[in-house]
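Peer 1: Residues 1390 to 1566 (the numbering used here) are what the sequence shown spells out, left to right. The C-beta atom is built at its ideal place from N, Cα and C for all residues, glycine as well.
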Amino acid sequence: QLTQSTGDIYSVTKQYRIGEYLEYKFVNDNDWPGVETPGADCHISSNRFLKVPGEDIELDAVPFNGCSGTSITFRVDMTGQAIDAEGVKITGDFNNWNPSNVAMNSSLGNVYTKTFIFPATGDIEYKFVNGDNFTVAETPGSPCSSNTNRQLAITDTDQILDVVDFGGCSFDYLIYE
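Below you can see the structure in the form of structure tokens.
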């Protein structure tokens, strides 16, 4: 149950374990038809998401059905890969390592992108997957990963990450004029 704090802002304080993965929604008037549909970049499987950081936080107020937080755009080049019928996915501790619920978009040739709005700062691990399961998951090596997972510190600054090769580090482009 949320309580009205100021104006049209409602809030609740909860305790969770560090690193725990949460999915949640806001519901108006305790009635499921009053459930929100968060913005496209701030939900996974139509739920808001949060990986609990290692410190106490107060999330910014978000509009019902809207987003607030740090925008991160992930980009991977799939050149040389036979794309699975289920498409290219991104997975990580921010979506409980579920590769089937976050499809990436083909934006420029073989480059696939996905933008998320993260509600809190903190460190995440992630990887790209070709399909709906880990049978064709990348295993990027050093120096672009740790323990075969990519690492990213989510800060208060929006980011468009460099394009990386599937299973590799940064991608070098040759530009002709």
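When DSSP labels each residue in this structure, what does residue 1401 get in the three-state scheme?
Peer 2: Counting from 1 along the sequence shown, the entry for residue 1401 is found at position 12. If DSSP states are grouped into helix, strand and coil, residue 1401 belongs with coil.
Peer 1: Based on DSSP bridge pairs, tell me the residues matched to residue 1412.
Peer 2: For this step, residue 1412 is matched to residue 23 along the sequence shown. BP columns for residue 1412 point to 1438.
Peer 1: Just how far apart, CA to CA, sit residue 1426 and residue 1559?
Peer 2: Along the sequence shown, one-based indexing puts residue 1426 at 37. Along the sequence shown, one-based indexing puts residue 1559 at 170. Computed Cα separation, rounded: 35 angstroms.
Peer 1: Could you spell out where the beta strand (DSSP E) holding residue 1497 opens and where it closes?
Peer 2: The sequence position of residue 1497 within the sequence shown is 108, counting from 1. 1494–1497 is the span of the beta strand (DSSP E), which, as asked, contains residue 1497.
Peer 1: State the start and end residues of the unbroken beta strand (DSSP E) segment that holds residue 1545.
Peer 2: Taking the sequence shown and counting its residues from 1, one reaches residue 1545 at position 156. Run containing residue 1545: none; DSSP gives neither H nor E here.
Peer 1: Report the three-state DSSP secondary structure of residue 1525 (helix, strand or coil).
Peer 2: As a working mapping, residue 1525 is identified with position 136 in the sequence shown. Note: residue 1525 maps to helix in three-state DSSP.
Peer 1: So, helix, strand or coil for residue 1481, using DSSP?
Peer 2: Translated into positions along the sequence shown, residue 1481 becomes position 92. The answer is strand: DSSP assigns residue 1481 an E or B state.
Peer 1: So what's residue 1420 in DSSP terms, helix, strand or just coil?
Peer 2: Locating residue 1420 in the sequence shown gives position 31, counting from the first residue. Note: residue 1420 maps to coil in three-state DSSP.
Peer 1: For a quick check, are the C-beta atoms of residue 1502 and residue 1462 less than 8 angstroms apart?
Peer 2: Looking up residue 1502 in the sequence shown gives position 113. Looking up residue 1462 in the sequence shown gives position 73. Cβ atoms of residue 1502 and residue 1462: closer than 8 angstroms.
Peer 1: According to DSSP, what are the bridge partners of residue 1559?
Peer 2: Here residue 1559 corresponds to residue number 170 of the sequence shown, with the count starting at 1. Beta-bridge pairing links residue 1559 to 1553.
Peer 1: Do you know how far the Cα of residue 1419 is from the Cα of residue 1493?
Peer 2: On the sequence shown, residue 1493 is found 104 positions in, with the first residue counted as 1. On the sequence shown, residue 1419 is found 30 positions in, with the first residue counted as 1. So the two alpha carbons sit approximately 33 angstroms from each other.
Peer 1: Between which residues of its own chain and residue 1410 is the CB-CB distance below 6 angstroms, once the five residues before and five after are set aside?
Peer 2: Residue 1410 sits at position 21 when you count from the first residue of the sequence shown. Around residue 1410: 1440, 1485.
Peer 1: Helix or strand or just coil, what does DSSP make of residue 1449?
Peer 2: The residue labelled residue 1449 in the question sits at position 60 within the sequence shown. Residue 1449: coil per DSSP, three-state reduction.
Peer 1: Under 6 angstroms Cβ to Cβ from residue 1564, same chain only, skipping five residues before and after it: list those, please.
Peer 2: Taking the sequence shown and counting its residues from 1, the one referred to as residue 1564 is at position 175. Here residue 1564 scores only 47 on pLDDT, less than 50, and its place in the model should not be relied on; the value that follows carries that caveat. Answer for residue 1564: no residue qualifies.
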